[in-house]
Each structure stands twice: as structure tokens, then as C-alpha cells.
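Novice: Could you have a look at this structure, given as C-alpha cells, before my questions?
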Amino acid sequence: GQQVMQIPQYQHVQEGEDFTTYCNSSTTLSNIQWYKQRPGGHPVFLIQLVKSGEVKKQKRLTFQFGEAKKNSSLHITATQTTDVGTYFCAAPGGSNYQLIWGAGTKLIIKP
Amino acid sequence: NAGVTQTPKFQVLKTGQSMTLQCAQDMNHNSMYWYRQDPGMGLRLIYYSASEGTTDKGEVPNGYNVSRLNKREFSLRLESAAPSQTSVYFCASSLRASGSVGDTQYFGPGTRLTVL
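Each protein sequence line maps, in turn, to chains U and P.
Numbering-wise (our numbering), the first sequence opens with residue 5 and increments by one.
Numbering-wise (our numbering), the second sequence opens with residue 405 and increments by one.
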């Protein structure tokens with residue numbers, strides 16, 4: 005079945021360093037969504053990307069959708085402790101009622 | 405406006421016991437979903453309901469049943485719990501179809517289930 009591969013599984017950074025997570029699909033996606041899950045919490049929607057080559061920014065977060073609409077990335081500049089959590093990408097699956105989720109990238113801030 | 409609520413928050417079962425997880429949303433959404441999340445893993449869809457009166461299997465439906473009681477409520481039942489069903493269960497809802505442009509999923513706080 006359709007899969008969305010997300011890497012890396014974990015990323016340890018010092019506070020103030022940058023963080024990036026990547027999602028890849030073997031098929032063209034109509035859109036891709038990004039969610040954040042704080043430790044012990046539930047996923048919360050961050051953004052949806054729709055257009056080829058789209059770049060959107062939310063403060064220190066930059067989201068990109070590839071030209072071929074098969075890959076996407078989330079980049080956080082100058083991480084803060086409030087950024088800790090797991091970031092997931094998700095894309096439509098067999099039907100528009102289903103989202104296929106990446107495995108998530110856990111952002112860990114080194115003490 | 406509570407969003408998506410789930411009960412209970414925590415549950416411990418013995419193998420073979422049954423239970424029902426409750427979910428309700430007050431956003432007038434049409435679609436509702438049940439996921440499980442195992443430690444260090446992503447979300448796997450168990451069942452979904454595109455609209456009141458319909459339910460469909462997701463990726464991992466075996467061992468579960470669902471009921472879309474009305475537009476607000478969507479319950480998940482474990483008939484005979486097994487240790488492999490130890491997980492965190494999330495309910496979610498979306499206005500129409502969450503894979504559509506302009507739509508998204510809203511999650512409840514989750515139920516942490518342990519099966520001994």
C-alpha cells in the first residue's frame with residue numbers, strides 16, 4: 005500500500021541549533037499535512053501544503069513541498085525548548101478520508 | 405467548545421475482557437476516525453466514519469468494532485482484549501474528508517490502554 009517515509013526517527017540538537025525532518029512518497033501527493041505532538045499529548049495540525057514547490061513559514065518553522073509533489077520538509081531555525089515533540093507528516097491515502105502518516109521525527113533538546 | 409473528547413483517559417484490562425472507548429466531538433464535523441499509536445510509532449488507522457451512518461475499515465481493524473452512534477459520537481469496542489492491543493488510542497474528526505485540500509484532523513486527548 006501507499007507509504008510515506010519520514011526521516012530521521014530522532015534528532016538530538018542543542019538549544020539554538022536547527023532541526024529538519026523529511027518526508028518522501030513514491031507517488032505524487034495532492035497535498036501534505038504536518039502535525040506536532042508534544043510529549044504525552046495528541047497530534048495538533050500545523051500546516052497543509054498543496055502547490056508544487058510551495059514554501060510556507062510560521063515564525064521559525066519553514067515548510068516546503070517538492071516540485072514533483074513527492075517530498076516535503078519541515079525546518080526549524082534556532083530550536084527552543086518549546087519545540088520539543090514529535091513532528092509527523094501525513095498525506096491522503098486510498099481515499100480522501102484516510103491520511104497515511106509518516107513514522108514521525110522526535111526532536112530532543114540536549115541539556 | 406470542547407473539541408474532541410475521549411473517555412476514559414486510562415484503562416487497564418485483563419486478557420479477554422471487553423471494553424468500549426467513547427469519543428464525541430462538538431464541531432459539527434462529518435467524519436470521525438480511530439487511530440492507535442504504539443510507542444515510538446506513527447498513527448495507524450483502525451476505522452473511520454466518513455459520515456453519520458457509515459463506517460469503513462482502516463489499516464488495522466482486526467479485533468475492533470465501531471459504532472457511529474450519531475453525528476457527534478463514534479465509539480470503539482474491543483470484544484476480547486489481547487496484550488497486542490496495548491496502545492494509546494486517539495479519536496479524531498474532520499469537517500469533511502481530512503485528505504482533501506482545506507480540511508484537517510482534530511484529535512482528542514487519547515486513551516492509554518494496557519492489556520495484561
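Every residue gets a Cβ at the ideal spot worked out from N, C-alpha and C, and that includes glycine.
Note that the structure is predicted; figures quoted are calculated from it, not measured.
Is the beta carbon of glutamine 18/U less than 8 Å from the beta carbon of alanine 107/U?
Specialist: No, these two residues do not count as a Cβ contact at 8 Å.
Novice: Compare the C-alpha of isoleucine 104/U against each of Thr490/P, Val470/P, Ala485/P, Ile450/P and name the closest.
Specialist: Ranking Thr490/P, Val470/P, Ala485/P, Ile450/P by Cα distance to isoleucine 104/U puts Ile450/P first.
Novice: Using 8 Å for Cβ pairs, my map puts phenylalanine 49/U next to glutamine 509/P. What's the rounded Cβ distance?
Specialist: About 7 Å separates the two Cβ atoms, so the contact holds.
Novice: Candidates Leu480/P, Ser497/P, Leu517/P, Gly506/P: which alpha carbon is nearest threonine 424/P's?
Specialist: Nearest of Leu480/P, Ser497/P, Leu517/P, Gly506/P to threonine 424/P, Cα basis: Leu480/P.
Novice: Since I believe serine 497/P is in contact with methionine 431/P (beta carbons under 8 Å), could you give me their beta-carbon distance rounded to a whole number of angstroms?
Specialist: Indeed, because the Cβ distance is near 6 Å, the residues count as touching under 8 Å.
Novice: Could you check where the beta strand (DSSP E) with lysine 418/P kicks off and where it finishes?
Specialist: Per DSSP, lysine 418/P belongs to no beta strand (DSSP E) and is neither H nor E.
Novice: Got a sec: is the Cβ-Cβ distance from glycine 89/U to anything in chain P below 8 Å?
Specialist: It does not; no Cβ of chain P falls within 8 Å.
Novice: Evaluate isoleucine 36/U with the Cβ neighbour count: other Cβ atoms within 10 Å of its Cβ, from every protein chain shown; 16 or more gives buried, anything less gives exposed.
Specialist: Buried, because 16 or more other Cβ atoms sit within 10 Å of the Cβ of isoleucine 36/U.
Novice: Among residues of its own chain, excluding the 5 on either side of lysine 73/U, which ones have a beta-carbon nearer than 7 Å to its beta-carbon?
Specialist: So the qualifying residues of the chain are Thr32, Leu33, Ser56.
Novice: Going by DSSP in three states, threonine 85/U sits in which element: helix, strand or coil?
Specialist: Helix at threonine 85/U.
Novice: Distance, Cα to Cα, glycine 30/U vs glycine 44/U?
Specialist: In the sequence as displayed, the identity of residue 30/U is serine instead of glycine. Cα to Cα, serine 30/U sits roughly 31 Å from glycine 44/U.
Novice: Have a look at Val8/U, Leu111/U, Cys27/U, Ile51/U and flag the residue whose alpha-carbon is nearest the alpha-carbon of alanine 82/U.
Specialist: Of Val8/U, Leu111/U, Cys27/U, Ile51/U, the residue nearest in Cα terms is Leu111/U.
Novice: State yes or no: is the C-beta of phenylalanine 494/P within less than 8 Å of the C-beta of leucine 447/P?
Specialist: A contact, by the Cβ cut-off of 8 Å.
Novice: Which chain U residues sit within Cβ distance under 8 Å of threonine 508/P?
Specialist: The contacting residues are Gln37, Phe49, Gln52.
Novice: In chain P, what lies closer than 7 Å to glycine 57/U by C-beta?
Specialist: Neighbours of glycine 57/U on chain P: none; closest Cβ ~16 Å, over 7 Å.
Novice: Where does isoleucine 11/U land, buried or exposed, given buried means 16+ other C-beta within 10 angstroms?
Specialist: Classification for isoleucine 11/U: exposed.
Novice: Please confirm whether threonine 502/P and tyrosine 101/U have their CB atoms less than 8 Å apart.
Specialist: One detail in the question is off: residue 502/P reads as serine in this sequence, not threonine. Yes. Within cutoff.
Novice: Have a look at lysine 418/P and valine 519/P and give me their C-alpha separation to the nearest angstrom.
Specialist: Taking the straight line joining both Cα atoms gives about 5 Å.
Novice: Using alpha carbons as the reference points, say which of Arg500/P, Pro513/P, Val505/P, Leu517/P lies closest to tyrosine 452/P.
Specialist: Of the listed residues, the one whose Cα sits closest to tyrosine 452/P is Arg500/P.
Novice: Just how far apart, CA to CA, sit serine 99/U and asparagine 469/P?
Specialist: Serine 99/U and asparagine 469/P: Cα-Cα distance of roughly 20 Å.
Novice: What runs of the beta strand (DSSP E), each 3 residues or longer, lie entirely inside the stretch 454-506 of chain P?
Specialist: Correct list: 468-472, 478-482, 491-498.
Novice: Taking the beta strand (DSSP E) that asparagine 75/U belongs to, which residues open and close that run?
Specialist: 75-80 is the extent of the beta strand (DSSP E) around asparagine 75/U.
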